[in-house]
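Quick notes on the structure that follows.
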Amino acid sequence: MNTPLVALATVAALVVAALGGLSTVLRRRTGLAHLVAAGVLEAVLLVQSAVVVVALAGGERPPETATFLAYLVSVVLVPVAGVLWSRTEPTRWAGTVLAVAALVVAVMVWRLLQLWEATGG
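Under this note's numbering, the first residue of the sequence shown carries the number 168, and numbering increases by one thereafter.
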């Protein structure tokens, strides 16, 4: 795990959450800006996942590997699910759906880092 990438993912997730919250307050559906921001977030998460896969292939292992891998797969899927759900939501709450998904990612990436850095002792 890479702490700067975790921080970057957190910033990207907070930008997506802010855009989602703003669109909810303005009573608007999600648009291109939301998709671009979510795409950037997803790209950062995929880069982080690739870094982790390389580290795992190199023999590094977190103490709770199964839990770590479940979080890793889930954190990559949450933004995709959030975007798909928000795009099908016909009301102003589409932004809230995306904001919640982004906030979940912001928490999950830090939990992934905790799991990676755990000593197992």
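Even for Gly, the Cβ is constructed at its ideal location relative to N, Cα and C.
Taken atom to atom, the span from the alpha-carbon of S190 to that of A174 is near 24 Å. For P230, the number of other beta carbons within 10 angstroms of its own is below 16, and it is reported as exposed. For P246, the enclosing alpha helix (DSSP H) begins and ends at T232 to T255. The straight-line gap separating the alpha-carbon atoms of R195 and L213 is approximately 29 Å. At the C-beta level, V242 and V272 come within 8 Å of one another.
Here the C-alpha atom of A269 lies approximately 23 Å from the C-alpha atom of A233. Contact fails between the region 206-224 and the region 257-266, because fewer than three Cβ pairs, one in each stretch, are under 8 Å apart. DSSP, reduced to helix, strand and coil, places E227 outside both helices and strands of the structure shown, so it counts as coil.
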